[in-house]
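K.L.:
One structure is given below, represented as structure tokens, and several questions about it will come after.
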Amino acid sequence: MALTLSTQRASTSFLSNESAPRWRYDVFLSFRGVDTREGFVSHLYQELCNCQGITTFFDDQELERGTHIPPELLSAIKASHTAIVVLSPNYASSKWCLDELRNIVECMEARKSILPVFYETNPSDIGKQRASFAKAFAEHEEKFSSTEDKKKVTQWRADLEKVSKISGWHSKNFKSERQLIDDIVKCVRRKVQATCTLLDSSQKLVGTDSALEQLSLLLAHDANDVRFIGITGMGGVGKTTLAKLVYDKIFHHFEVHCFLENVREVSVRKRTLVRLQKQLLSPILKENIENVSDQRWGIIYTKKCLCNKKVLLVLDDVDQINQLQALAGKEDWFGMGSRIIITTRNERLLVEHDITLCHNVEVLKYAEALKLFSLHAFRKDQPEKDFLELSKYFINHAGGLPLALQILGSALFKRGLDAWCSERHNLSKIPKLGIFDQLKISYDGLEEMQKSFFLDVACFHKGKNKEKVIEILDNSNSFGISSRIVIDVLIEKSLLCQGHNNCIWMHDLIQEMAWKIVGDESKEPGLRSRLWLYEDIRHVFTTNTVRS
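Start counting the sequence shown at 1; every next residue gets the next number (full-length UniProt numbering).
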């Protein structure tokens, strides 16, 4: 398939070096101390603190310090992604709170990041300034006489009216404070997870600038159509990394954004795509997500929920046409301005789905390959002088494939010349390495217990929380060594990585290598060390051929 470029120039800022904003705080808590500090707000703050990954700014000063908000508080508002505004009966009696709200509305209204909690108050009383709010504003107007002060009071009224119209929580609608807090925390957790970038900031990226330029043209930020864009290339060449990089840079431009990883693997393991459909729809359907009971309902809800929304959807590692049909069937499933990105090793799949916009990821050129290898083998851009010729040898064997360069470089990190020469001798026995041979070099260099843990993760634990995996392995291993140490060693060797939300992850090719190692133990599944595929487990039970 030829690379097809949009004739319309992309916005220069769409895939610029500047990614989505990074926030110092996830949540800024705004509240009236005399009403809620000792009760509701302190309990809410504690629950937010207990929620891993959520950073909350809480002004714990008992008294307002003067008449103006201090600079550090204004900075905290600007550095926060979301504000929870607890509107209690005496909120408007505080000039401090109203000034705080003015700054919150100014910073966050446009990106819809204000979450109001109507605590023992009625939204209509707040918007129209009735009841305690009427009394508070009467006092403000009595004290303020200058034209400038009167403008400020008018602005406060307007801000309260705006916030009163935002969908939030009414304390009277909950049976208990506990239920109210749980619901708020659940919502905040979803919002925070949606702002997390997929790529670690420390990840070593080489040779992506040209690809980003090409994709920027294909994405055409200013075009208000629906676009399907394919990213193709051989396994290990960096399709997923490139898709994550693009996603991290542009997701904040979309109403709905979702990155569905390993579509092929999930499809094989679960024998259905319902799980991925739910992942896409859960931020919209929320508690109604269980209505997506099968693939057919998933398609119905996707069309219904997303047809009027600007969506960024990435489908990673697609290998069957039915996967596209279930997750992103047609352009009219999505609202105007939507972008659907598909990574695949199979270009023919894109043709079958009428996708003409495509970027093919090439292997790295020599200079880029040398840099990437050096970053993993030496933690710097160039090889050390004594290792230059050996480095060239390994780079030539890797053939410019980023995954192979990363694995080989990590395996040689902090090893002496003798070890490098020995590794070169091992490679010289194979004239031209295939990708599995290249990856297996790192596996062959592991100790037996490390091999065992690696195969366990590949077969059973990929995508699970790191702490949970360590707990499982600690309870089942017979080697007498901490699983945490072994997991960290495997991460250092680039066989594993710590992914999104502290999950254990590995490249699909590395996982396939592990599966092949286990599969090669015997043609008979029951005689292998591990069983994880439904068909193999069913075969073993029906034929009673289990390993003794």
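Glycine included, each C-beta is placed from N, C-alpha and C at the ideal position. As the structure is a computational prediction, the values presented were derived from the model and not from experiment.
Do A377 and V391 have their beta-carbon atoms positioned less than 9 Å apart in this structure?
P.N.:
Sequence index remark: in the sequence shown, residue 391 carries index 391 (1-based). Sequence index remark: in the sequence shown, residue 377 carries index 377 (1-based). The sequence as given places Ser at residue 391; Val does not occur at that position. Yes, they are a contact pair.
K.L.:
Let me know the secondary structure DSSP gives A158 once reduced to three states.
P.N.:
Walking along the sequence shown from the start, residue 158 turns up at place 158. The answer is helix: DSSP assigns A158 an H, G or I state.
K.L.:
For C51, which residues in the same chain have their Cβ closer than 7 Å to its Cβ, ignoring the five residues on either side in sequence?
P.N.:
Within the sequence shown, the letter at position 51 stands for residue 51. V185 and R189, listed in sequence order.
K.L.:
Which value, in whole angstroms, describes the spacing of the CA atoms of E109 and S374?
P.N.:
Residue 109 sits at position 109 when you count from the first residue of the sequence shown. Residue 374 sits at position 374 when you count from the first residue of the sequence shown. Roughly 46 Å separates the two Cα atoms.
K.L.:
Once the 5 residues before and after I181 are set aside, which same chain residues still bring their CB inside 7 Å of it?
P.N.:
Taking the first residue of the sequence shown as 1, we reach residue 181 at position 181. So the list reads H43, L44 and E47, once near-sequence residues are dropped.
K.L.:
With DSSP run on the structure shown, which of helix, strand or coil describes G298?
P.N.:
Here residue 298 refers to the residue found at position 298 of the sequence shown. Helix.
K.L.:
Does DSSP classify V546 as helix, strand or coil?
P.N.:
Translated into the one-based positions of the sequence shown, residue 546 becomes position 546. Coil, per DSSP.
K.L.:
Would F479 and M513 be called neighbours here (beta carbons separated by less than 9 Å)?
P.N.:
The sequence position of residue 479 within the sequence shown is 479, counting from 1. The sequence position of residue 513 within the sequence shown is 513, counting from 1. Cβ atoms of F479 and M513: not closer than 9 Å.
K.L.:
For V246, does the count of other Cβ atoms within 10 angstroms reach 16, so buried, or fall short, so exposed?
P.N.:
Taking the first residue of the sequence shown as 1, we reach residue 246 at position 246. The residue is buried, with at least 16 neighbouring Cβ atoms inside 10 Å.
K.L.:
Starting from C503, follow the alpha helix (DSSP H) in both directions and report where the run begins and ends.
P.N.:
Along the sequence shown, one-based indexing puts residue 503 at 503. Taken as a continuous stretch (DSSP letters only), C503 belongs to no alpha helix (DSSP H), as it is neither H nor E.
K.L.:
How long is the line joining the alpha carbons of H539 and E524, rounded to whole angstroms?
P.N.:
Working through the sequence shown from its first residue, we reach residue 539 at position 539. Working through the sequence shown from its first residue, we reach residue 524 at position 524. The alpha-carbon atoms of H539 and E524 are separated by roughly 9 Å.
K.L.:
For V86 versus L29, is the C-beta distance shorter than 9 Å?
P.N.:
Numbered from 1 along the sequence shown, position 86 holds the residue referred to as residue 86. Numbered from 1 along the sequence shown, position 29 holds the residue referred to as residue 29. Cβ distance < 9 Å, so V86 and L29 count as in contact.
K.L.:
Given a threshold of 16 other Cβ atoms within 10 Å of its Cβ, counted over all protein chains shown, does R528 qualify as buried or as exposed?
P.N.:
Here residue 528 refers to the residue found at position 528 when the sequence shown is read from its first residue. Buried is the label assigned to R528, since at least 16 other Cβ atoms lie within 10 Å of its Cβ.
K.L.:
With a 10 Å radius around its C-beta and 16 neighbouring C-beta atoms as the bar for buried, classify N544 as buried or exposed.
P.N.:
Here residue 544 corresponds to residue number 544 of the sequence shown, with the count starting at 1. With fewer than 16 Cβ atoms within 10 Å of its Cβ, N544 is classed as exposed.
K.L.:
Tell me P116's beta-bridge partners as DSSP assigns them.
P.N.:
For the purposes of this step, residue 116 is taken as the residue at position 116 of the sequence shown. Answer is V85, bridged to P116.
K.L.:
Residue range of the alpha helix (DSSP H) that C107 falls in?
P.N.:
Along the sequence shown, one-based indexing puts residue 107 at 107. Taken as a continuous stretch (DSSP letters only), the alpha helix (DSSP H) holding C107 covers K95 to M108.
K.L.:
Counting only the same chain and skipping the five closest in sequence on each side, list residues whose C-beta sits under 6 Å from that of R530.
P.N.:
Locating residue 530 in the sequence shown gives position 530, where the first residue counts as 1. Excluding residues within five positions, the ones whose Cβ falls inside 6 Å are C459 and V518.
K.L.:
Contact between the stretch 246-263 and the stretch 347-363 is defined here as three or more beta-carbon pairs at a separation below 8 Å; is this criterion met?
P.N.:
no
K.L.:
Which of the three DSSP states is assigned to Q214 in this structure?
P.N.:
Taking the first residue of the sequence shown as position 1, residue 214 is located at position 214. Reduced to three states, the DSSP call for Q214 is helix.
K.L.:
What did DSSP end up calling Q179 once you bin it into helix, strand or coil?
P.N.:
Taking the first residue of the sequence shown as position 1, residue 179 is located at position 179. Helix at Q179.
K.L.:
Count the CB pairs spanning the stretch 138-145 and the stretch 193-212 that are closer than 8 Å, and state whether there are at least three.
P.N.:
no
K.L.:
Given a threshold of 16 other Cβ atoms within 10 Å of its Cβ, counted over all protein chains shown, does F31 qualify as buried or as exposed?
P.N.:
On the sequence shown, residue 31 is found 31 positions in, with the first residue counted as 1. Buried, since its Cβ has 16 or more Cβ neighbours within 10 Å.
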